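Q: Chains as they are written, first to last, in this note's numbering: chain A, 1 to 560; chain B, 561 to 837.
Ideal Cβ placement from N, Cα and C applies to all residues, glycine included.
Predicted, not measured: the structure shown is a model, and the values here were computed from it.
Below you will find the structure I want to go over with you.
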Amino acid sequence: MAIWLPRWPIQRLLRDEPELSGRAVVLYESFRGGRRVCAVSQRAAQRGVHIDMPVAEATSLVERHERYVAAHDAAADRAMLEQLAGWCQRFSPLVALDIAEEKGARETAASGPQGLLLDVTGLPSLFGGEGAFARQIVRDFSREGWYVRVALADTAGTAWAMAHYGGGRTAVGRTVADRRSHRGSKLPREVPQIVPAGQSLAALAPLPVAALRLSEATVTRLASLGLITIGQVAELPRAALASRFDEELLRRLDEALGSREEATPAEHAAEPLMAACRFPTPTDRREVLEFAWQDLIDQLCRQLVQRGEGALRLECSLELEAGEPLLISLSTYRPVADARHLKDLLRLRWERQPLDQAAWRIEVSVPLTAPLERRQQTLFDATTTHSGGPGGEFTGQTTQRAVATLIDRLSSRLGREAVLSARLTGDAVPEYASLTRPLSGQRPLRTTARHRSSRQPQQPAKRPAGARPLWLVPRPLRVPVVATVVVAEHEREGTPIRFRLRGTDHVVARCWGPERIETGWWRGAAVRRDYYRVETTTGLRFWLFRCLRQQAWFLHGMFE
Amino acid sequence: MSTDPPPTEPVRPEILRQLAEVLRRAERTAGVAGGGVDTPHSSLVTSGVPAVDRLLPSGGFVRGTLVEWLAPPNVCGPGAAGGAGALALSAAREAAFAGGAVVVVERADGDALRFHPPAAAAWGVDLARLLIVRPTSDADEIWALDQVARCRGVAAWLWWGGGLEGRDFRRLQLATEQSGSLGLLVRPCALQSQPSWATLRMVVEPLPAAHTAGANDEPRQTVQRLRVRLLRVRGGADAATVDLEIDDATYTIAAAKRGDLAASLADSASLARRAGA
Chain A
1 MAIWLPRWPI QRLLRDEPEL SGRAVVLYES FRGGRRVCAV SQRAAQRGVH IDMPVAEATS
61 LVERHERYVA AHDAAADRAM LEQLAGWCQR FSPLVALDIA EEKGARETAA SGPQGLLLDV
121 TGLPSLFGGE GAFARQIVRD FSREGWYVRV ALADTAGTAW AMAHYGGGRT AVGRTVADRR
181 SHRGSKLPRE VPQIVPAGQS LAALAPLPVA ALRLSEATVT RLASLGLITI GQVAELPRAA
241 LASRFDEELL RRLDEALGSR EEATPAEHAA EPLMAACRFP TPTDRREVLE FAWQDLIDQL
301 CRQLVQRGEG ALRLECSLEL EAGEPLLISL STYRPVADAR HLKDLLRLRW ERQPLDQAAW
361 RIEVSVPLTA PLERRQQTLF DATTTHSGGP GGEFTGQTTQ RAVATLIDRL SSRLGREAVL
421 SARLTGDAVP EYASLTRPLS GQRPLRTTAR HRSSRQPQQP AKRPAGARPL WLVPRPLRVP
481 VVATVVVAEH EREGTPIRFR LRGTDHVVAR CWGPERIETG WWRGAAVRRD YYRVETTTGL
541 RFWLFRCLRQ QAWFLHGMFE
Chain B
561 MSTDPPPTEP VRPEILRQLA EVLRRAERTA GVAGGGVDTP HSSLVTSGVP AVDRLLPSGG
621 FVRGTLVEWL APPNVCGPGA AGGAGALALS AAREAAFAGG AVVVVERADG DALRFHPPAA
681 AAWGVDLARL LIVRPTSDAD EIWALDQVAR CRGVAAWLWW GGGLEGRDFR RLQLATEQSG
741 SLGLLVRPCA LQSQPSWATL RMVVEPLPAA HTAGANDEPR QTVQRLRVRL LRVRGGADAA
801 TVDLEIDDAT YTIAAAKRGD LAASLADSAS LARRAGA
């Protein structure tokens with residue numbers, strides 16, 4: 001049985017963010033230095049956006065208020081599909097992701113897995129027949145919020161073809177997006193296609209050759225020879241096909257008709273990593289609990305090492321006699337499988353955790369893991385090399401490990417948000433010129449997350465145009481400027497000569513500027529400021545600006 | 561028609577710049593006892609300013625020690641002003657040249673001043689290796705400083721702080737010694753009289769400009785002038801001073817030119833009176 005989720009990246013996105021339904025959603029990916037569209041919603045397709053179009057062209061075709069352009073998150077798509085595969089275990093124990101063959105030389109969203117293949121041999125009778133089985137699947141999926149096209153056949157190839165191309169519809173059918181906006185939450189349910197046993201050839205004959213999961217090149221060649229449907233191809237002598245096309249065509253044909261076995265690797269949900277310990281009587285003695293979780297961490301680390309993975313997040317939950325269970329949650333900077341390190345981190349938190357009631361069960365689990373990085377031997381400590389990713393920033397193996405341990409310990413006691421790294425965004429507005437992010441608890445090899453706006457951070461400039469202060473006030477502080485000098489040739493306020501801050505008057509000795517920063521109109525209220533570097537008679541240096549909209553002076557920072 | 565030669569890799573000027581850095585560094589540390597070729601594990605770190613290096617008997621900062629700058633306090637929030645920050649960042653940049661992380665420990669309370677990373681980047685600190693730690697309580701701050709000082713992977717750590725208990729200070733000094741990192745503290749100059757465990761103490765005083773121009777007269781250079789006075793150094797003469805100029809536009813620190821010295825000396829006395837330093 002094949003289950004196809006049309007426009008899978010868009011569907012997943014819309015399910016996560018239902019407010020986007022009805023809008024023209026365009027997902028792009030970077031390809032050879034440019035950005036190309038890889039998935040479009042129905043509304044966007046109506047406007048003329050299609051796959052492989054450059055993003056700039058796509059954005060010009062759609063109105064600003066109804067478009068939503070974002071980067072395609074292939075990892076999230078796959079993760080959600082894997083989750084669905086696990087959920088489909090209720091229908092069949094053998095569920096596989098539908099990995100389409102490479103189309104041409106590149107993997108795009110169009111060729112990433114967009115559906116599931118289930119092996120349902122012998123199962124439909126349990127559900128009351130093939131028809132009832134398929135209808136139940138469609139019902140369950142639409143209850144979860146997914147729009148699917150289901151087909152049931154002898155072989156995976158036939159089922160795939162019927163799901164994608166069967167029923168006289170083209171591959172790109174209607175999607176859930178527009179229905180939702182019109183009718184509320186009721187999703188359309190497609191009638192499942194069922195191919196009776198032994199009639200695969202008859203069912204496949206009217207379908208186009210692309211339904212055989214062939215590469216684009218092969219499809220084009222077949223079309224140039226006038227072979228449009230599978231029926232035509234099947235009528236030709238096999239020797240002729242073998243001599244003119246590579247083995248892929250024959251293989252796919254055989255798989256679809258059942259004369260060749262097709263292997264589909266089944267997905268198995270990973271066993272959750274969890275160890276628990278139950279006490280015969282509830283205890284509130286800290287040594288006993290400490291011994292218990294140390295033992296549990298040892299068990300988990302053995303499992304982690306076996307799997308070759310390291311923990312990125314650890315959760316310890318104590319079920320108390322009365323009240324809410326106590327939860328201690330840790331995250332680490334790099335995947336860790338070292339029991340001593342994890343115990344250290346948990347101990348730091350444990351020591352500050354008061355325990356007023358007895359606990360009768362303790363459970364330690366690892367919700368987030370990542371593959372353990374193999375240690376590489378480096379001959380030299382490289383100097384000032386930038387390598388991407390969180391692991392490559394601190395050079396040298398012992399240095400890296402020492403810093404990773406430091407980050408873990410600091411994050412464990414001070415909290416994730418207290419250990420940050422910064423990066424430049426190249427934005428001219430000082431508040432947004434750099435972004436900080438917590439260092440621990442993130443999967444190190446993740447693809448970039450969704451961006452809320454279509455604007456990517458630009459290449460950061462090496463030096464900003466003007467001098468930047470070392471200290472910035474998070475929110476600019478309004479400062480009454482007592483007197484200014486009016487520049488003669490322009491009839492507007494000039495540079496400040498005296499201002500009052502926190503009750504003290506400062507007299508300006510020297511002043512540089514103005515530096516005009518005028519930008520950010522896409523973020524809402526535009527920023528129009530004239531910045532002045534001001535040195536007072538006491539030697540302090542301030543960074544003031546005059547907001548041109550409000551005609552008021554603000555303090556934004558201090559130099560050194 | 562001849563085809564154009566393939567474009568030279570854009571990384572070559574970067575390689576040249578790095579080579580020039582290494583040569584400069586080797587020249588500077590040559591001739592110092594125990595110095596010579598600047599290996600990654602050498603214990604001597606230049607301060608980033610040749611004038612300051614000349615002031616110090618060892619010719620630079622020594623890894624595994626605490627360096628303290630005392631400067632006029634900031635008006636609104638933690639830290640101190642006067643140009644010490646630029647010196648600290650230059651030292652951190654030099655210390656991290658051969659690898660390791662740079663850590664800034666700051667207490668970010670509400671609307672108080674916050675560290676601005678683009679300025680650090682402009683001073684040459686590698687942001688990919690910069691760590692910002694923000695504790696929220698006194699106890700957490702001391703603990704965090706201790707952890708950072710103890711870490712072998714940290715090349716330099718910076719703290720714009722205030723009062724420090726004697727035993728905490730001593731513990732920091734021991735931790736730094738053990739790990740070989742360079743501890744850079746910038747504290748208000750009011751704490752000058754308090755005992756300190758820093759091996760090297762310097763007082764930073766801002767100097768006014770040579771000419772106090774009104775706003776009409778745009779000064780041509782964007783330099784800040786300050787005086788660094790050695791308060792305590794191991795094995796050196798006390799009270800040696802040097803005048804420096806910090807250029808905010810090009811992010812360089814250099815010795816002040818002699819010509820303005822007379823005027824600045826005259827003004828600094830009145831400046832000290834007013835600031836009450």
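1. Indicate whether ALA256 of chain A and THR158 of chain A have their beta-carbon atoms separated by less than 7 Å.
2. Taking DSSP as the reference, what is the three-state secondary structure of GLY164 of chain A?
3. Return the chain-ordered list of same chain residues with a C-beta closer than 8 Å to the C-beta of ALA670 of chain B, the five sequence neighbours on each side being excluded.
4. By a C-beta neighbour count over all protein chains shown, 10 Å radius and 16 as the cutoff for buried, is GLN11 of chain A buried or exposed?
5. Can you tell which of B:PHE657, B:PRO748, B:ASP613, B:SER753 has its C-alpha closest to the C-alpha of ALA644 of chain B?
6. Cβ atoms of THR801 of chain B and ARG789 of chain B: under 7 Å apart, would you say?
7. Taking Cβ-Cβ distances shorter than 8 Å, what residues in chain A pair up with CYS525 of chain B?
8. Let me see if you follow: with CB-CB separation under 7 Å, is GLN707 of chain B close to chain A or not?
9. Kindly list, in the order they appear in chain A, the residues whose Cβ is closer than 8 Å to that of ILE692 of chain B.
10. Any idea what DSSP makes of GLN400 of chain A, helix, strand or coil?
11. Tell me, which residues are paired with MET558 of chain A by DSSP?
12. With distances taken from CA atoms, which of A:GLU515, A:ASP98, A:TRP360, A:LEU13 is nearest PRO280 of chain A?
13. Mind checking who TYR68 of chain A pairs with in its DSSP beta bridge?
14. Runs of 3 residues minimum, wholly inside the stretch 672 to 734 of chain B: which ones carry the beta strand (DSSP E) assignment?
15. Determine the extent of the alpha helix (DSSP H) in which ASP356 of chain A is found, giving its start and end residues.
16. Quick check: the Cα distance between GLY557 of chain A and GLY722 of chain B, rounded to an integer number of angstroms?
17. Below 8 Å, can you find three or more Cβ-Cβ pairs linking the stretch 57 to 67 of chain A to the stretch 82 to 90 of chain A?
18. What are the residues of the stretch 667 to 684 of chain B that lie near chain A, defined by any Cβ-Cβ distance shorter than 9 Å?
19. Counting only beta-carbon separations shorter than 7 Å, does LEU687 of chain B have a partner in chain A?
20. Considering only C-alpha positions, which residue in the set B:TRP720, B:PHE657, B:ALA652, B:LEU687 is nearest to ARG423 of chain A?
21. DSSP three-state label for ARG35 of chain A, please.
22. Among the residues of its own chain, which have a CB less than 8 Å from the CB of SER607 of chain B, if the five just before and after it don't count?
23. Buried or exposed for TRP522 of chain A, going by 16 or more other Cβ atoms inside 10 Å?
24. Which residues of chain A have a Cβ atom closer than 7 Å to the Cβ of ALA840 of chain B, listed in chain order?
25. Could you name the residues of chain B that ARG409 of chain A contacts, counting a contact when the two beta carbons are closer than 7 Å?
26. Note down, in chain order, each residue of its chain lying with its Cβ closer than 8 Å to the Cβ of VAL685 of chain B, except the 5 sequence neighbours on either side.
27. For the structure I just gave you, are there three or more beta carbon pairs, one from the stretch 43 to 50 of chain A and one from the stretch 13 to 26 of chain A, closer than 8 Å?
28. For HIS65 of chain A, count the other beta carbons within 10 Å of its own beta carbon; 16 or more makes it buried, fewer makes it exposed. Which is it?
29. Using a Cβ distance threshold of 8 Å, determine whether the stretch 118 to 128 of chain A contacts the stretch 223 to 236 of chain A, with at least three qualifying pairs required.
30. Checking the sheet assignment: what are the DSSP bridge partners for ARG792 of chain B?
31. Give the residues of chain A in contact with ASP700 of chain B, contact being defined as C-beta atoms less than 9 Å apart.
32. Give the secondary structure of ASP427 of chain A by DSSP, where H, G and I count as helix, E and B as strand, and everything else as coil.
33. For PRO469 of chain A and TRP350 of chain A, what's the separation of their Cα atoms in angstroms?
34. Three-state secondary structure (DSSP) at TRP522 of chain A?
35. Against chain A, does ALA652 of chain B count as a neighbour if the rule is that its beta carbon must be under 7 Å from one of theirs?
36. Apply the 10 Å Cβ neighbour rule to TRP719 of chain B and answer buried if 16 or more other Cβ atoms are within range, or exposed otherwise.
A: According to the data block:
1. Contact: yes.
2. A small fix is needed here, since residue 164 of chain A is His in this sequence, not Gly. HIS164 of chain A sits in a helix when the DSSP states are folded into three classes.
3. The identity of residue 670 of chain B in the sequence shown is Gly, whereas the question assumes Ala. Around GLY670 of chain B: no qualifying Cβ.
4. For GLN11 of chain A, the number of other beta carbons within 10 angstroms of its own is at least 16, and it is reported as buried.
5. Considering only alpha carbons, the answer is B:PRO748.
6. A contact, by the Cβ cut-off of 7 Å.
7. Any answer about residue 525 of chain B is impossible in this case: the structure gives chain B only from 561 up to 837.
8. The Cβ of GLN707 of chain B sits closer than 7 Å to at least one Cβ of chain A.
9. The contact set of ILE692 of chain B on chain A, defined by CB atoms closer than 8 Å, consists of VAL419, LEU420, SER421, ALA422, THR436 in chain order.
10. When secondary structure is reduced to three states using DSSP, GLN400 of chain A falls in the helix class.
11. Answer is A:TRP471, A:PHE542, bridged to MET558 of chain A.
12. It is A:TRP360 whose Cα lies nearest to the Cα of PRO280 of chain A.
13. In the DSSP output, where bridge partners are listed per residue, TYR68 of chain A has A:VAL25.
14. Segments of the beta strand (DSSP E) lying fully in the stretch 672 to 734 of chain B: 690 to 693, 714 to 720.
15. Note, ASP356 of chain A: premise wrong, no alpha helix (DSSP H); not H, not E.
16. Near 20 Å, if we compare the C-alpha coordinates of GLY722 of chain B and GLY557 of chain A.
17. By the C-beta criterion, the stretch 57 to 67 of chain A is judged not to be in contact with the stretch 82 to 90 of chain A, since fewer than 3 inter-stretch pairs fall below 8 Å.
18. Taking 9 Å as the Cβ-Cβ cut-off against chain A, the residues of the stretch 667 to 684 of chain B that qualify are ALA668, GLY670, ASP671, ALA672, LEU673, ARG674, PHE675, HIS676, PRO677, PRO678, ALA679, ALA680, ALA681, ALA682, TRP683.
19. Closer than 7 Å to some Cβ of chain A, the Cβ of LEU687 of chain B qualifies, so yes.
20. The option with the nearest alpha carbon to ARG423 of chain A is B:LEU687.
21. ARG35 of chain A carries a strand assignment under DSSP once its states are collapsed to helix, strand and coil.
22. Here SER607 of chain B has ASP613, LEU616, GLY620, PHE621, LEU647, SER650, ALA651, GLU654 as same chain residues with Cβ atoms under 8 Å from its own Cβ, once five neighbours each way along the sequence are excluded.
23. Burial call: exposed.
24. Nothing can be reported for residue 840 of chain B, as the shown portion of chain B is limited to 561 through 837.
25. Going along chain B in sequence order, the residues near ARG409 of chain A (Cβ under 7 Å) are GLN707.
26. Excluding sequence positions up to five before and after VAL685 of chain B, its CB lies within less than 8 Å of the CB of LEU649, ALA652, ARG653, ALA656, VAL662, all in the same chain and listed in chain order.
27. Verdict: yes, contact present.
28. Answer is exposed; the Cβ neighbour count stays below 16.
29. Touching, no.
30. ARG792 of chain B pairs with B:ARG761.
31. By Cβ distance, chain A contributes ARG413, LEU414, ALA418.
32. ASP427 of chain A: coil per DSSP, three-state reduction.
33. Going by the C-alpha atoms only, they are around 40 Å apart.
34. Of the three classes helix, strand and coil, the one that applies to TRP522 of chain A here is helix, per DSSP.
35. By this cut-off, ALA652 of chain B is not an interface position.
36. Per the 10 Å Cβ criterion, buried.
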